[in-house]
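Just so it is clear: in the sequence shown, position 247 is 541 by the numbering used here, and no numbers are missing.
Contents: one structure, followed by commentary.
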Amino acid sequence: MSTARQRFEAMLAGRCNGPPAWLPLMDVLPARVTRTGYREMTADAGQWCAGLVTAAELLGADAIVAGCDPTLTAEACGAALNWDAVPPALASAPAQIAAHPLAAPRQAALVEVLRRLGATARARFGIVAVLAGPATLARQLCPGQPFEEALRQLRGAQMLVAEALLQARPDLLLLTERMPAPDAEPERAWQRAFGTLRNAAAHYDVPLALRVENWGAGHAAWLAGLRLQAVLLGPGSGDALALARELAASVPAVGVPVTAEDVAARAALADAVGSARAAGANLFLSTAGAVGGQGDLAVLREFGAVRQAAA
């Protein structure tokens, strides 16, 4: 029987024999299962690391995905947050992008979390670091500015954060992005920004992946053209499984989103992923969004069963 680490490594290597890898995204769950406040946990590397491991065990995950908070990098770059709810929301863009984003306590804690996970959990799990993608940061930090100018302004700060994450030696760096519209043609400057990040990741010998939301069926060629090791599909417009099958012809690994609420749909998707893998498409399973802020933990535990169902 394969281990969590072995399933993750097989996914990264493009192999589709055996059960699919299971990479759930989680934000508040680590704080919930360790009974700590989310804000306090994400500023304390020890608490955060312990919470991530406990949550990964709870969900039967094959990898620990660290940093699933869409405000982390923006906050490090100077954006103000609204903490009325958790995870927090963006309150306002900075007047000037911070020159030293790694001085932000939560961003510094994430880097230390990755180091600790690498030392203590790598033998059991894959280690994935999350970074807000260039278009996401452009919207958060430079609203209203021309897209290419916004990318230029944030490039230095984003690269400082990216290099710090890469130096912590995760097994995978996962960018998170949202398409402007399901039928929108992505701008060329966006693709160039991905190229810069891809080169940095290659320098540290860390594979680069993308999680994308608001996609449409017509984005398959653009996503394939980014030349990434993996693409994870979040919520989008159309049939995620059909797009995943199409992408799998040119992307080494493609993640299909699973929802917590619909048990029947979850089982049907697991069957379809198993059939696609048997036909040679290296699909794996992720979640439509971060899980664990609300809901019954017994339901969350059942998430781990989707991998066995797709074997």
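We treat Cβ as the ideally placed atom computed from N, Cα and C, and that holds for glycine.
All values derive from a computational prediction rather than experimental measurement.
Residues near residue i by beta carbon distance below 7 angstroms, same chain, minus five either side
i	result
alanine 451	Cys371, Ile391, Ala392, Pro395
alanine 610	Residue 610 lies beyond the residue range present for the chain, which begins at 295 and ends at 605; the question has no answer from this structure.
glycine 574	Cys310
leucine 541	Ala514, Leu517, Ala518, Val525, Val548
Rounded separation between residue i and residue j - CA only
i	j	result
arginine 299	glycine 438	43 angstroms
histidine 497	leucine 431	23 angstroms
valine 407	alanine 360	8 angstroms
leucine 468	aspartate 565	26 angstroms
valine 557	alanine 584	18 angstroms
alanine 559	phenylalanine 578	16 angstroms
alanine 495	glycine 331	33 angstroms
alanine 458	proline 464	11 angstroms
alanine 349	valine 327	7 angstroms
glutamate 481	proline 440	11 angstroms
alanine 510	alanine 592	A small fix is needed here, since residue 510 is glycine in this sequence, not alanine. Their backbone Cα atoms lie some 33 angstroms apart in a straight line.
alanine 534	valine 550	7 angstroms
alanine 389	arginine 492	29 angstroms
alanine 570	alanine 368	38 angstroms
Cβ neighbours of residue i in the same chain (closer than 6 angstroms, five flanking residues each side left out)
i	result
alanine 487	Pro428, Leu445
alanine 357	Phe302, Leu317, Phe419, Gly420, Val422
alanine 385	Ala374, Leu375, Asn376
threonine 553	Ala582
arginine 472	Glu507, Asn508
leucine 522	Leu502, Ala503, Leu504
aspartate 477	Gly510
Residue i, buried or exposed, once every other Cβ within 10 Å from all chains shown has been counted against 16
i	result
proline 314	buried
glutamine 461	exposed
glycine 528	buried
serine 580	buried
glutamate 443	exposed
Interface flag, residue i vs chain C, CB-CB below 7 angstroms
i	result
glutamate 471	Included in the structure is just one protein chain, with no chain C present.
Which residues DSSP lists as bridging residue i, in chain order
i	result
leucine 469	Leu425, Leu504
leucine 358	With the sequence shown as reference, residue 358 is identified as isoleucine, and leucine is not the correct amino acid for it. According to DSSP, isoleucine 358 bridges with Ile421.
threonine 297	In DSSP, threonine 297 forms no bridge with anything.
phenylalanine 578	Gly549
leucine 526	Arg505, Gly549
Neighbourhood of residue i by C-beta distance below 8 angstroms, restricted to the same chain and skipping five residues each side
i	result
glutamine 485	Trp516, Gly519, Leu520
proline 399	Ala337
glycine 490	The amino acid occupying residue 490 in the given sequence is threonine; glycine does not appear at that position. Same-chain partners within the cutoff: Arg449, Met453.
alanine 536	Ala511
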